[in-house]
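Below is one structure, written out as structure tokens; the observations come after it.
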Amino acid sequence: MSSTSVEKITGRGCPVPGNDIDTDRIIPARFMKVVTFDGLGEHLFEDAREQANGKHAVDDKRFEGANILIAERNFGCGSSREHAPQALLRFGFKAFIAQSFAEIFAGNCCALGLPAVCVSEADGKALADAVELNPESEITVDLVAEEVRCGETVYPASIPAGVRKQLVEGTWDATAVLLEAGGDIETKASSIPYVQGF
Amino acid sequence: MTESKRNLLNKVWDAHTVRELPSGQSQLFIGTHLIHEVTSPQAFAMLRERGLKVRFPDRTFATVDHIIPTDDTERPLKDPLAEAMFVEIEKNTKEGGITFFDQGSGHQGVVHVMGPEMGITQPGMTVACGDSHTSTHGAFGAVAFGIGTSQVRDVLATQCITMKRLKVRKICVKGTPQNGVNAKDIVLHIIRTLGVNGGTGYAYEYAGPTISDMDMEERMTLCNMTIEGGARVGYVNPDEKTFEYLRGRPYAPQGEAFERAKEWWKSISSDEKAEYDDIVHFDASIIAPTVTWGINPSHAIGVDENIPSSESVSEDERGSVVEALEYMKLSPNAPIAGTPVDVVFIGSCTNGRISDLRAAAEIAKLGKVADGVKALVVPGSQDVERQALAEGLPEIFRNAGFEYRQPGCSMCLAMNPDQLVGDQVCASTSNRNFKGRQGSPTGRTLLMSPVMAAAAALTGKVTDVREMLK
Chain A
20 MSSTSVEKIT
30 GRGCPVPGND
40 IDTDRIIPAR
50 FMKVVTFDGL
60 GEHLFEDARE
70 QANGKHAVDD
80 KRFEGANILI
90 AERNFGCGSS
100 REHAPQALLR
110 FGFKAFIAQS
120 FAEIFAGNCC
130 ALGLPAVCVS
140 EADGKALADA
150 VELNPESEIT
160 VDLVAEEVRC
170 GETVYPASIP
180 AGVRKQLVEG
190 TWDATAVLLE
200 AGGDIETKAS
210 SIPYVQGF
Chain B
-17 MTESKRNLLN
-7 KVWDAHTVRE
3 LPSGQSQLFI
13 GTHLIHEVTS
23 PQAFAMLRER
33 GLKVRFPDRT
43 FATVDHIIPT
53 DDTERPLKDP
63 LAEAMFVEIE
73 KNTKEGGITF
83 FDQGSGHQGV
93 VHVMGPEMGI
103 TQPGMTVACG
113 DSHTSTHGAF
123 GAVAFGIGTS
133 QVRDVLATQC
143 ITMKRLKVRK
153 ICVKGTPQNG
163 VNAKDIVLHI
173 IRTLGVNGGT
183 GYAYEYAGPT
193 ISDMDMEERM
203 TLCNMTIEGG
213 ARVGYVNPDE
223 KTFEYLRGRP
233 YAPQGEAFER
243 AKEWWKSISS
253 DEKAEYDDIV
263 HFDASIIAPT
273 VTWGINPSHA
283 IGVDENIPSS
293 ESVSEDERGS
303 VVEALEYMKL
313 SPNAPIAGTP
323 VDVVFIGSCT
333 NGRISDLRAA
343 AEIAKLGKVA
353 DGVKALVVPG
363 SQDVERQALA
373 EGLPEIFRNA
383 GFEYRQPGCS
393 MCLAMNPDQL
403 VGDQVCASTS
413 NRNFKGRQGS
423 PTGRTLLMSP
433 VMAAAAALTG
443 KVTDVREMLK
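Order-wise, the sequence lines are chains A and B. Numbering-wise (the working numbering), the first sequence opens with residue 20 and increments by one. Numbering-wise (the working numbering), the second sequence opens with residue -17 and increments by one.
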């Protein structure tokens, strides 16, 4: 199974403020008692939304239909649960912009073909402010040009070169890529002492 | 020939690289794949959708830990969702030809407790598991990654993952820890200093005399928490303690093979003059028993310090501190010692091993659980449970007023019935103090070591265990 090329995502933004938003906050563990990822979208940020009394950014009518989440620093830290990007995806987010992402979260996004790009702190704030001011602003996350555009403004954006290549070339489906190694996998295994029982 | 200057990470990486990918990542062979019931069902479903089979079934090992109740494990489980997950992993492991350590095997337990004690985790291995605390296995000099479910699929289908080579930061620790200070305090201190995202892009190599002096279980605690500092891999170079721990364990090499294995294990250790991308130093002798007061593991202070205020921290940290103080309902500038606790949890992949239970039991002998405090002890595995029973630990805990339960992840992430209620404060030996982590959306977690948690159980408040050990 080959994956599709992801060159850019265009749509509207939803700024979710706060550093270190962890995966327990994105999808609390009690909602992981499932054997499929279906239905996770409805529990996205469940406790944070409950505590915000309907004032959480994802419940804000102004950002309804947004498909690009704008976070701050170290977004997605904590557990390796792919349920986090799956919940975000099923809620409707197709791309993420932040000052930084936790490593496993970023890897999980790539595995699902979802771009997670980094911008500077100042640009992240400016972008969030621009969207707050005009929620209808059209935003483009452009992986080819390595930039985020919002109206007339262009922000440089970074994404690890390998991940960018995988998304743009449509090789983010790792299983397909790994299978291409064919029998080289068994050959490598036979060279590892513990696999051979020493 | 020039002297080799390679570190363990690079040696293990090279030994497991099937090929370099056009993306700049490596296709890495995974020596040991561990699975549990929460992050694997979707991976097996994806495998079926693609008509793929488990490629190396004898290199994957399964157990059930996250959803398992610790009081009533009779099947079917009372929670139908938990039962459905149990049934799914039974079906998937049976179909896939994968060894499954369920309760009937006598070796069920938290996946990161089970792997090492079965001798499955060995030096020089690559280990992967759909759980971020897979870093634990680095205690043996393995390179161990927490992965997502799509990568679990990748490993099932190909026994490989795609991964960009990590940089290596050597964390040198010297100095003799004070009485009552152990690996948990040291790693919380390291995270406090380097930050929750300080390790992004790095593997942490823990080294120095303090680390050499640690037993294997302390090293597991240390490596376990590595991910809380943002580094997905942490390891300790294998030494005689590592080899002696492994000797005789069910999946460790036996007899002459063990001696040959030792030579290889020594050879994959970091060279004496190995090169690193970064080196930092810590002095363990000045570290106090360490406790978290906030909502991420870097919100940690010595038990003799005061809770920070928005004025006492840098502008960069201010937002996080304000948010944490509000959630935790704690007063800025107040001492953390004396903070009342409602619940105590001793267990988890961080601190649910036999040495953790022994240490907590020594404190439990000194008194009774304070009125109004609910204190839980949850052994990390059935093997830990058996050993604890042989040593009379359950009786010590029960006599002191602790509830002694059956093995599982329990209140570390509260996917089973062990959950905080309302805004209860829990002194916990687990690894995360995130908002809502212990099952109640407003529950509050104070991370600490097993002896500190036991001390809090007896006094009903955060207590400097050094006072009790005098």
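Beta carbons: idealized from backbone N, C-alpha and C, even for Gly.
Own chain partners of residue i with C-beta closer than 6 Å, once the 5 adjacent residues on each side are dropped
i      : result
B:E385 : L358
B:L339 : A370, L375
B:S267 : G157, T158
A:Q105 : F56, L59
A:E101 : N127
B:E257 : K(-13)
A:D142 : Y174
A:T29  : T159
B:G181 : G211, G212, A213
B:M28  : R135
Pair within 8 Å by beta-carbon distance, residue i and residue j
i      : j        : result
A:A125 : A:A114   : no
B:L138 : B:V36    : yes
B:S114 : A:S98    : yes
B:V92  : B:C408   : no
B:R135 : B:A25    : yes
B:S117 : B:R201   : no
A:L88  : A:V53    : no
B:V403 : B:A342   : no
B:Q401 : B:S410   : no
B:R251 : B:N219   : Note that residue 251 of chain B corresponds to Ser in the displayed sequence, not to Arg. Taking 8 Å as the Cβ cut-off, B:S251 and B:N219 qualify as a contacting pair.
A:A103 : A:G95    : yes
B:V95  : B:S363   : yes
B:G112 : B:I17    : yes
A:S156 : A:R31    : yes
A:S177 : A:E188   : no
B:T75  : B:F82    : yes
A:A130 : B:S132   : yes
B:D324 : B:Q406   : yes
B:E187 : B:L(-10) : yes
A:L108 : A:L146   : no
Contacts of residue i in chain A (Cβ-Cβ under 9 Å)
i      : result
B:A124 : Within chain A, no residue comes near B:A124; the closest Cβ sits about 10 Å away, beyond 9 Å.
B:P423 : P47, E65, D66, A67, E69, Q70
B:H15  : Those do not exist, as B:H15 stays about 13 Å from chain A at its closest Cβ, beyond 9 Å.
Within chain B, partners of residue i - CB distance below 8 Å
i      : result
A:R109 : Near A:R109 there are no residues of chain B at all, since even the closest Cβ is about 13 Å away, more than 8 Å.
8 Å Cβ cut-off: residues of chain A touching residue i
i      : result
B:E308 : Within chain A, no residue comes near B:E308; the closest Cβ sits about 11 Å away, beyond 8 Å.
B:W246 : P212, Y213, F217
Rounded C-alpha distance that separates residue i from residue j
i        : j      : result
B:I80    : B:A44  : 7 Å
B:Q160   : B:V447 : 11 Å
B:G190   : B:M196 : 10 Å
B:R(-12) : A:E171 : 49 Å
B:E449   : A:F112 : 52 Å
A:F50    : A:D43  : 10 Å
B:L440   : B:G320 : 12 Å
A:N93    : B:E210 : 12 Å
A:I116   : A:C137 : 6 Å
B:V453   : B:H281 : Any property of residue 453 of chain B remains undetermined from this structure, which presents chain B solely from -17 to 452.
Cut-off 7 Å between Cβ atoms - residues of its own chain near residue i, not counting five sequence neighbours on either side
i      : result
B:F11  : H(-2), V0, T108, Q141, C142
B:Y227 : M198
B:T224 : P105, F122, G123, M198
B:G301 : none
B:T55  : Q85, Q388
B:M100 : H89, R231, P232, Y233
B:E162 : The sequence given here places Gly at residue 162 of chain B; Glu does not occur at that position. Excluding sequence neighbours, B:G162 sits near P271, V433, V447, R448, L451.
A:I123 : S99
Beta-carbon neighbours of residue i, restricted to chain A and to distances below 7 Å
i      : result
B:I345 : Per Cβ cutoff of 7 Å: no residues; B:I345 is ~29 Å from chain A at best.
B:L3   : V196
B:M67  : K52, V54
Cross-chain neighbours of residue i in chain B, by beta carbon under 7 Å
i     : result
A:S98 : S114
Cβ-based neighbour list, residue i, same chain, cut-off 8 Å, excluding 5 preceding and 5 following
i     : result
B:E72 : F82, D84
B:D53 : R387, Q388, P399
A:H62 : I46, P47, F50, A106
Q | Length-filtered (3 minimum) beta strand (DSSP E) runs lying within the segment 53 to 125 of chain A | A | For secondary structure counted as the beta strand (DSSP E) over 3 or more consecutive residues, the segment 53 to 125 of chain A holds these complete runs in sequence order: 87 to 89, 114 to 117.
Q: Kindly provide the ranges of any beta strand (DSSP E) runs that are 3 or more residues long and lie completely inside the segment 18 to 78 of chain B, ordered along the chain.
A: DSSP runs (the beta strand (DSSP E)) wholly in the segment 18 to 78 of chain B: 42 to 45.
**Q.** Segments assigned beta strand (DSSP E), at least 3 residues, entirely inside the segment 215 to 287 of chain B
**A.** Runs of the beta strand (DSSP E) inside the segment 215 to 287 of chain B: 215 to 218, 260 to 265, 272 to 274, 282 to 284.
Q: Can you check the segment 168 to 199 of chain A for any beta strand (DSSP E) of at least 3 residues that lies completely inside it and give the ranges in chain order?
A: Restricted to the segment 168 to 199 of chain A, the beta strand (DSSP E) segments that are unbroken, complete and at least 3 residues in length are 172 to 175, listed in chain order.
Q. Considering only residues of the segment 125 to 185 of chain B, which uninterrupted beta strand (DSSP E) runs meet the minimum length of 3 residues and lie entirely inside it, listed in chain order?
A. Qualifying beta strand (DSSP E) stretches, in chain order: 125 to 128, 142 to 145, 149 to 156.
Q.
Please give the ranges of any beta strand (DSSP E) in the segment 366 to 405 of chain B, keeping only runs that are unbroken, at least 3 residues long and fully inside the region.
A. Qualifying beta strand (DSSP E) stretches: none in this window.
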